[in-house]
Structure formats: C-alpha cells, structure tokens
Amino acid sequence: MPFPLTPTGRRAGAAVLSAAALLATSAACGDDGRDSAASETGLTVLAASSLTDVFATAGAAYEKEHPGTKVTFSFAGSQELAAQVGQGAPADALVTADTRTMDGLTADTGKPVVIAKNRLVIATGEGNPEKVQSLTDLADPALKVVLAAPEVPVGRYGKEILDARRIDVKPVSQEPNVRAVLSKVALGEADAGLVYRTDAATATDKVDAIDIPDAQNAIASYPAATLKSSGNSEAAAAFVSWLSMPEAQKILQAAGFQKP
90 MPFPLTPTGR RAGAAVLSAA ALLATSAACG DDGRDSAASE TGLTVLAASS
140 LTDVFATAGA AYEKEHPGTK VTFSFAGSQE LAAQVGQGAP ADALVTADTR
190 TMDGLTADTG KPVVIAKNRL VIATGEGNPE KVQSLTDLAD PALKVVLAAP
240 EVPVGRYGKE ILDARRIDVK PVSQEPNVRA VLSKVALGEA DAGLVYRTDA
290 ATATDKVDAI DIPDAQNAIA SYPAATLKSS GNSEAAAAFV SWLSMPEAQK
340 ILQAAGFQKP
C-alpha cells in the first residue's frame, strides 16, 4: 500500500519532475540547434570592390528570402579576384566589374550573366575646391590626380576615355581598386580621381561627383557567374539567378547602378 506524500515529499517530487522537464527541453533545443547549424548553407561570393555597399544590402535581402542560407562576400579589384580564382580560392560565385576579366575565366566559371552597368564620374573633394569641370582639367600638372591601375577595370575604362580625347594625365598614384581611389580623394590626399558613379554616391559628405558626358564616357558591365569548384553549386546558381530578378535589380538600381 503506497504511503501518502507529505507536503515536503510533494514539493520534492514536483522539483524532480520540473528538472526532468527542463533537461528534456534543453536536449531538444540542443538537437534543434545542431540540426539548424548542420542544415545551413554557406555561400562565398567574390565581388568587385564597387559592389561593397550594395551587396551588403542585397545579401541581407537574399538571406531573408532564403532562410538557412548565409552569404559571405569577399571584395577586391576584379583582377585580384581573378587571381584568387586561378589559385583555387574556396568560393561559390564571382561578380566582376568588367566582362574582359570574366571572359578570361571560362575554364573556372559557369555561363556569366550581366546583372548591372555603371559609368564613370570625376570625384573631387567636397565643394570641388579646385573647380574641376571636365576630363581636360585632369591634365593640369598642378592638380593631384589619382587613378586606378590600368589592370583594374575602372583604371582601364579611365585610360580608354582619356586616351580617346588625347588627354595626358600623370597620376600621383595608381590604386589597386576603385575604393582606394575614392578614399584618396575623400581624405584629401588627391584633388581628383576617376571612379564609378555609384562609388561617389557612397561618400557624398566627402566628395563631389562631376558628370562625364555619355559621348566621352565608358560603360562598365558587371557579369556574375558560378564557380565550377563550388561545393554548393545549386545554391550558387540560385544566388546568381536571383541577382537578375526584380528585388535584386531594385536594390542595385536604388544604389545608382544601371539596368543590365
């Protein structure tokens, strides 16, 4: 015959049951956490420096639309990205600021698709203290001009538009990517530089952007492609495809990129 429980016994029994319930809940949560972590897909995207700000927004939007997918970006000049791909850097997709760089990687990528376009502007210090008005002004030897190196897409575009008008510019430095050019101007280390319109738009409190007429300008195309070495080829293809879809295009165009 069972003995009746005293109030102390009932309290002890309840405590044991509560502890058991907590242990069971903790174990379940631990399993769920492990399952969730195990099921998360990680994507690494190599992207041109000029996409730094807009891809932060696009990546967050993509992750919200695709729960369980984490997108990590690695930004650099397109020529640096190409070198990384050639060296077998672990990544899933590539977005460059020109088609020439991408075309040189056909053995390493899937079929590329252009997701956006861009144009160049002359970046000057805030208020344009040197009164730069046109490309011709960049030839003034008293002006400290900084350009991207010619192997960098924006550097090559800049050289093309200057050479087309026979404007001889002697830069004080040649930088490895467009953000480095922008930084030199923003910090007052240069009077002017050629950057993409979208880059100048990220630093309106530090630089002014002088438009270059379309007839004198160059159009930069941004192709995106999966990498054949990707360990998440389906997820990589889904991300590259998404970049051409309405939501991604809305984000790109809000940042000043042109339609592909």
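In my numbering, the protein residues as written are 90 to 349. Here a beta-carbon is modelled for each residue, glycine too, at the ideal position from N, C-alpha and C.
**OP:** Please go through the region 171-242 and give each complete beta strand (DSSP E) segment of 3 or more residues, from N-terminal end onward.
**Re:** 182-184, 202-214 and 234-237
Original post:
Is Ile308 near Leu224, with beta carbons less than 8 Å apart?
Top reply: no
Subject >> Phe328 in three-state terms, based on DSSP >> reply: helix
Subject >> Within 8 Å, strictly: CB atoms of Ala275 and Ala290 >> reply: no
**OP:** Look at the alpha carbon of Glu154 and the alpha carbon of Gly214, and state the distance between them as a whole number of angstroms.
**Re:** 39 Å
Subject >> the region 234-242 touching the region 329-343, judged by at least three CB pairs closer than 8 Å >> reply: no
**OP:** Verify the CB distance criterion: does Pro265 have a CB-CB separation below 8 Å to chain C?
**Re:** Structure shown: chain C not included; a single protein chain is present.
Original post:
Ser322: which of Gly282, Asp142, Ala182 and Ala178 sits nearest, CA to CA?
Top reply: Ala182
Original post:
For the region 245-255 against the region 146-164, are there 3 or more C-beta pairs whose distance is under 8 Å?
Top reply: no
**OP:** Can you tell me which of Thr146, Tyr311 and Gln168 puts its alpha carbon nearest to the alpha carbon of Phe162?
**Re:** Thr146
Original post:
By the 10 Å Cβ neighbour count, where 16 or more other Cβ atoms means buried, how is Glu129 classified, buried or exposed?
Top reply: exposed
Original post:
Would you say Glu219 and Leu209 are within 8 Å of each other, going by their C-beta atoms?
Top reply: no
Original post:
For Ala113, is the classification buried or exposed, using 16 other Cβ atoms within 10 angstroms of its Cβ as the cut-off for buried?
Top reply: Its pLDDT being 41, under 50, Ala113 is placed unreliably by the model, and the measurement read from it follows with that caveat. It counts as exposed.
**OP:** Could you pull the start and end residues of the beta strand (DSSP E) that Ile256 belongs to?
**Re:** Where Ile256 is concerned, there is no enclosing beta strand (DSSP E), given that its DSSP letter is neither H nor E.
Subject >> Candidates Ser167, Gln168 and Val184, of which the one nearest Thr133 by Cα >> reply: Val184
Subject >> Alpha-carbon to alpha-carbon, Ala238 and Ala314 >> reply: 24 Å
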